[in-house]
Every structure is written in structure tokens, then in C-alpha cells.
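So the sequences go chain by chain: W and U. Going by UniProt numbering, 98 is the number at position 98 of the first sequence; the sequence numbering is gapless. Going by UniProt numbering, 193 is the number at position 193 of the second sequence; the sequence numbering is gapless. Read the structure below first, then the notes.
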Amino acid sequence: DSHVQYERVGADVTMKCGSMDWDAAVTWTANGTDIDESHLNGSYLILKNVGLSQSGQYSCYEGSSWHLKYQTYLRVGTPPKEPVLMCRSNNYPKGFYCSWHLPTPTYIPNSFNISVIHGTKDMVCERDAVPKNRCHIRYLQLFSTVKYKVTLTVTNALGKNFTTLTFDEFAIVKPDPPESVVAKPVPNNPRRLEVSWQNPSSWPDPESFPLKFFLRYRPLILDQWQHVELSDGTSHTITDAYAGKEYIIQVAAKDNDIGTWSDWSVAVHATPWTEEPKHLTTEAQITETTSASTSSFMAPPTTKICDKGAVVGSGAVAVCWTAGLVVAAYSVLFI
Amino acid sequence: MAAADSPSAALRRRDLCSRGIRLAGKMRADVVDLLDAYVERQGLDASASVAAVEGVPPAAVERWDEQTGTQRLLENLAAYRAFRALLAQMLEEQREQLGDADAALGRALAAVLLQVSAFAYHLEELLRLESRGIPGEEGAGPPPPPRLSLFEQKLRGLGVLRELAQWAVRSARDLRQLAKPSPAAGSAPGLAESP
């Protein structure tokens, strides 16, 4: 006869050759390869301190006739550790889903059972086909203060374990990140970038359940992010970008009233509009490279440093006050 | 129903809904702060489960998305009228228990009570706009509840504030539903009667 036998890693395993007597002459094979007699005690096969690599098909043959007397598939594994369970509503107010996994593999088949209780009511969490370790549940009630209790039990041939999550309706609301994030330069504006995005498609009713957004951006050459929180709208114009520098931009979303922020969206890159075309002359390129390397934390010289309102004087001697300061500083150095 | 359908009525409705949404948002923020202070001052465990408190209107609702606009307004109005009475009672109890010892908590309770009253009035305005009769408040009200122990009073207060926080979120959602333009021309936005 043939069957499956589950044993724990590190266990000592004794296999009997079916109904054969202890003193019968037998040959054992593992995955078709003869097993040395040193592992036998009479007709019993002794495997000490089994490891994962000893999983396989074990067969016992009668000595001279080579009749197959016993066959088993040995699967070496471990009982399950406490599973990791997460529940989240990314489609509020429709419902929520729970997903789980084991922190370490057991190397043998596991089965999962999930129960959801809301107050005294049992709810059915429908298993998803893909992925297998997920189920979803529709809200029957909204705005309830009664907590949900989700218990996940994992069982295999060597043991069982479980974990429980308790939460209220609002706490698990976490939208998916915003979609279709686009960042574009603004013509004739060397310090602006126009960013737009869309609500995540999984969020079913943004009109009744509006999202607010968090935008972060930084030039690639710096580590520090700038942040902007936006209570409505799906676009924003960055007005303090460093001219000519490539930016990385991301957006996150949150329900206006409840729950937590989404993960950051896919990052987009954009560079503000620059005055000079890309095909610069050699001299101009040298000038720009020199300027850029000496002013990495200041507005680069390609950016206007004079706003109209900062000009002092008029006519031929009109001087921008910031340019005047720079000139004065250099003058002091060379006196 | 002509008054309810006129452009000026539609504008007024939208304005009332927008202001109501902002009021509900502010109210919720203040109730959440009050909850934290209440739990601390009353020596309660923030995670304590409180059974449904008699007389506290539960915010929980089934088939919320199928409610008509009138249902939303009427349920909200009934709830905030109840909270007005409950908060007044809490304020009275708090003064009896602590006197002037915790004026800050008393002031916070009074501020929330004021917002609840204002919101109830706001809902009445919306109902008037729809030419709906405003349900009268029950004359003498329900009979006073049996005298609770100090601890029971504190737990009830916790239940009241928690439920009020839920209502503030629900009310903002309800008003957004009301403010949605109606799919059918000529019918009151968000206030179609169910057959």
C-alpha cells in the first residue's frame, strides 16, 4: 500500500515494511535508490533526525522476489508558526479584504480557515481565486462602533496555529495609491512643474467619499523631500523647483475623514522648462556647468534672480538689489 | 415642490450642504479631542468596550447608499436632537461630580453641545428648504433614566461621545449625498422619494 507520511524536521522516523516480520529480508529504496543496510533495524527503516532533503518516496521490497511490499511518500516539514494577517479597506464603503501568509514555510500543505465576527454576527469572508491567501467581505452596516474580529487558523498535518485581529470600520480604511501621475514642465516658467493624477480606480465613490492627497517632490540631487497636503483637486503646480534640475514626484491619498494614507504612487520624473535649448554651444555649456557646480544650494544663475519688484532705480542705472549685493560682495573680496 | 426645484433653492441647498459638511468636520475633530480628554479625566480605558447605551442613537445603518435624502435628513435630525439632550445631561452630571475642578472639560463639553445644537438647526433649515414638515420634538421627552452610579455615568458618557463621533462622519457623507446633482432633470437633487 502507498500513502503519505508527514514528519517534523529533526524527528526520528521508523518505517515498517507493511506487514512483513521484523526479521524478514527486505530492501528499502529512497526515490529509487537503494538505502544502505546501516539504516535498517531488521526490516524496519530507521531515519534519525530527518531533514527536508529526506522527503521523498520510500519503498520496501521483499528480499528475493522484489515484490513491492510497502510504499510511502515521506514529507518532512514543520508545524505552522503564528500566521501574519492583514485586513484593509481600499474600496470603502463597499467592504474590506484580509490577506495572510506564514512567516516561515512549513514545506508541507497547509489549510487556512478565516472567521469574521461583527458583534454577535458571523460574516462570510469570500475567498479570492487569485491570490489564494485572500478573502473579501462586503459591509452590511456602515458607521458602526462595534468592532470586527477576524480569526485566521492555519492547520497542517503536524499542528495548527492561529491569530486574531480586532479593528473598527474606520481604522482599516487605506486607499490604493493615486494613478496616472503626470508631471510636466510649464512653458516659460523655469521653476514650475504641473502635476496631475487620478483617484485610484478601486475607490468606488470619490464624490461622496472624497480623497485628500499628499504630494512629495525633490530634485534627484537632494535627499530631502518637500511636502504639500491638498484637501481637494487632483492637480498641483510646484512653484519652487530648482531650474534645470530633474525632479522625482510622488502622490499619496487618504479618505478625507477616516483611515490612513495610501502607499506612495509610482514615482514620476520631470525637469522644469529651461530657456536655453538643449543644443548649447561649447562656451555656453562650460559657463553653465561652472555656474551649476558652485551654486548647488542656491537658485542657479539660469534662474532669474531679479523679480520686477526688486529693481532699484530706473533707466540705464537700474540695478536689481540682489545683483547689487553679489557685486558688492565680490568687490569686498578683491579690495 | 416648485420652490425646492428653483435655481435659487438649488443654490441654497448646495450652500447649506457645504456649510453643513464643514460644520460636521469641525464637530468631529472637536468630539475626538473631547473623547481623549474625557477618557483621561474620567480615568477610563480608551479601549473599553461599551455596550449600546439606551437613548443613544446608533450611527450604524444598513443599506446606507439606498436611503433617500429625506430619510437622511430626518435620521440625522433625530440623532442630533437626542445628542443635544444627552450632552446637556452629561454637562449637568459633570458639574455635579467635579464642580469647578475641571472647568476645561466642562467648557469642551459645552462647546460640542453648541455645535450639536447648531447642526440640528442646520438640518432643520435643509428640511424647510425641501418644504418638508419638521418633526416636532417629543413633548416632555422620554422618562428620565434610572439614576446611574458614577462609574456607569462615565461609561455612558464614553458611549455618547463615541457614537457622536461616528455620527459626525456619517453626517458629512449624508450631506455629500444630498449635495449630489440629481440624475433626473427637475427632481430635487439627492432627495428623490422612494416609491
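Backbone N, C-alpha and C fix where the C-beta goes; we use that ideal spot for every residue, glycine too.
Legend entry - Rounded C-alpha distance that separates W:E169 from W:T239: Roughly 39 Å separates the two Cα atoms.
Legend entry - Buried versus exposed call for residue 236 of chain U [16 or more other C-beta atoms within 10 Å across all chains shown]: This structure leaves residue 236 of chain U out entirely; chain U is present only between 1 and 195.
Inset, instruction - State buried or exposed for W:P105, treating a residue as buried only when at least 16 other CB atoms are found within 10 Å of its CB. - result: With a threshold of 16 other beta carbon atoms within 10 Å, W:P105 falls short and is exposed.
Inset, instruction - Assign W:I238 to one of three DSSP states: helix, strand, or coil. - result: In the structure shown, W:I238 sits in a strand (DSSP, three-state: E or B).
Inset, instruction - Say whether the segment 227 to 234 of chain W touches the segment 183 to 202 of chain W, bearing in mind that this needs 3 or more beta-carbon pairs closer than 8 Å, one atom from each stretch. - result: Yes, they touch.
Legend entry - Option nearest W:A11 by Cα separation, candidates W:S55, W:S38 and W:E246: Taking only the C-alpha atoms, the option nearest W:A11 is W:S55.
Inset, instruction - Give the interface partners of W:L211 over in chain U, defined as CB-CB distance under 7 Å, in chain order. - result: From the beta-carbon of W:L211, no residue of chain U is found nearer than 7 Å; the closest lies around 13 Å away.
Legend entry - Segment contact, 8 Å Cβ cut-off, at least three pairs: the segment 126 to 136 of chain W with the segment 94 to 113 of chain W: Contact between the segment 126 to 136 of chain W and the segment 94 to 113 of chain W is present, because at least three Cβ pairs lie under 8 Å.
Legend entry - is_contact[W:L52, chain U] using C-beta, thresh 8 Å: Not an interface residue.
Inset, instruction - Please decide whether U:D15 counts as near chain W, where near means a Cβ-Cβ distance under 8 Å. - result: By this cut-off, U:D15 is not an interface position.
Legend entry - Contacts that residue 384 of chain W makes with chain U (C-beta to C-beta distance below 8 Å): Here chain W comprises residues numbered 1 to 335, so residue 384 of chain W is not present and cannot be evaluated.
Legend entry - For U:L127 and W:V150, the rounded distance between their alpha carbons: If you take the alpha carbons of W:V150 and U:L127, they lie about 41 Å apart.
Inset, instruction - Report the residue from W:C125, W:T78, W:A157 and W:I117 whose alpha carbon sits nearest the alpha carbon of W:Y107. - result: Ranked by Cα distance from W:Y107, the first of W:C125, W:T78, W:A157 and W:I117 is W:T78.
Inset, instruction - Starting from W:H67, trace the beta strand (DSSP E) both ways and give me its first and last residue. - result: Counting along the chain, no beta strand (DSSP E) covers W:H67, and no H or E run does either.
Legend entry - Proximal residues, the UniProt domain "Fibronectin type-III" (177 to 277) of chain W versus chain U, C-beta separation under 9 Å: Within the UniProt domain "Fibronectin type-III" (177 to 277) of chain W, the qualifying residues are D205, E207, S208, F209, P210, N256, D257 and I258.
Inset, instruction - With a threshold of 16 other CB atoms inside 10 Å of the CB of W:Q224, please say whether the residue is buried or exposed. - result: The residue is exposed, with fewer than 16 neighbouring Cβ atoms inside 10 Å.
Legend entry - Proximity test, Cβ basis, 8 Å: W:T145 and chain U: At least one chain U Cβ lies under 8 Å of W:T145.
Legend entry - Three-state class that DSSP yields for U:E137 in the structure shown: Coil at U:E137, not helix or strand.
Inset, instruction - Figure out for me which residue from U:L178, U:L34, U:S8 and U:R173 has the closest Cα to the Cα of U:A24. - result: Checking every option, the nearest Cα to that of U:A24 belongs to U:R173.
Legend entry - Listed by chain order, chain U residues near W:L140 by CB distance under 9 Å: In chain order, E62 and R63 make up the part of chain U whose C-beta sits under 9 Å from the C-beta of W:L140.
Legend entry - Between the CA atoms of W:A171 and W:Y70 - distance to the nearest angstrom: Distance between the alpha carbons of W:Y70 and W:A171 is about 56 Å.
Inset, instruction - State yes or no: is the C-beta of W:Y242 within less than 8 Å of the C-beta of W:Y217? - result: In this structure, W:Y217 does not lie closer than 8 Å to W:Y242 by Cβ.
Legend entry - Rounded C-alpha distance that separates W:S201 from W:Q250: If I take the Cα positions, the gap works out to 17 Å.
Legend entry - Nearest residue (CA-CA) to U:E40, options U:L155, U:R170 and U:L178: Ranking U:L155, U:R170 and U:L178 by Cα distance to U:E40 puts U:L155 first.
Inset, instruction - Would you mind giving the Cβ-Cβ distance between W:V9 and W:V50, rounded to the nearest angstrom? I have them listed as a contact below 8 Å. - result: Correct: roughly 7 Å between the Cβ atoms.
Legend entry - Through-space distance from W:N156 to W:A30, alpha-carbon basis: Rounded to the nearest angstrom, the two C-alpha atoms are 24 Å apart.
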